[in-house]
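Enquirer: My structure is below; once you've seen it, I'll send some questions.
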Amino acid sequence: MDYLEHLSALLGCVYLSDLHWRTISRQQANTILAEPLDRPEHEYLDAARYILGDCAGEYPDAADARKAIAAYLLNH
């Protein structure tokens with residue numbers, strides 16, 4: 001299971017595409033941010049590009065990509 005699939009399951013999404021429309025609570029954002037960064041960096045970067053689409057920036061590392069994902073899902 002890659003990071004995108006993990007995130008989808010963690011947030012109770014039926015389909016990966018549900019992540020485009022999902023809004024999360026502060027507690028869910030904190031859960032995402034508290035997880036260890038134990039996957040290959042490209043999985044976090046790919047997930048950020050998939051979820052944020054045209055809003056995705058260039059992230060220097062997995063931690064920044066994960067922060068962007070949590071912020072996007074919290075605020076849209």
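So for the sequence shown, this note's numbering puts the first residue at 1; every next one is plus one. A virtual CB, placed ideally from N, CA and C, is assigned to each residue, including glycine.
1) Just mark L33 as buried or exposed, buried being the case when its beta carbon has 16 or more other beta carbons within 10 Å.
2) Pick from A9, L19 and H42: whose alpha carbon is nearest that of A63?
3) Output needed for E5: all residues of its chain with C-beta closer than 6 Å, excluding positions within five of it in sequence on either side, in chain order.
4) Expressed to the nearest angstrom, what Euclidean distance is found between the alpha-carbon atoms of I51 and E35?
5) The alpha helix (DSSP H) that contains E35, what's its start and end?
6) Checking 8 Å against the spacing of the C-beta atoms, do Y3 and R39 come in under that value?
7) Enumerate in chain order the residues of its own chain whose CB-to-CB distance from L19 is below 8 Å, with the five nearest sequence positions on each side excluded.
Expert: In this structure, then:
1) As a working mapping, residue 33 is identified with position 33 in the sequence shown. Its Cβ having fewer than 16 others within 10 Å, L33 is exposed.
2) As a first step, residue 63 is located in the sequence shown; it is residue number 63 there, counting from the start. Ranking the options by Cα distance to A63, first place goes to H42.
3) Taking the first residue of the sequence shown as 1, we reach residue 5 at position 5. No residues qualify anywhere along the chain.
4) As a first step, residue 51 must be located in the sequence shown, where it is residue number 51. As a first step, residue 35 must be located in the sequence shown, where it is residue number 35. Approximately 18 Å, taken between the alpha carbons.
5) For this step, residue 35 is matched to residue 35 along the sequence shown. E35 -> no alpha helix (DSSP H), and no H or E assigned at all.
6) By one-based count along the sequence shown, residue 3 stands at place 3. By one-based count along the sequence shown, residue 39 stands at place 39. A contact, by the Cβ cut-off of 8 Å.
7) One-based indexing of the sequence shown puts residue 19 at position 19. L4, L7, S8, L11, C13, Y50, I51 and L73.
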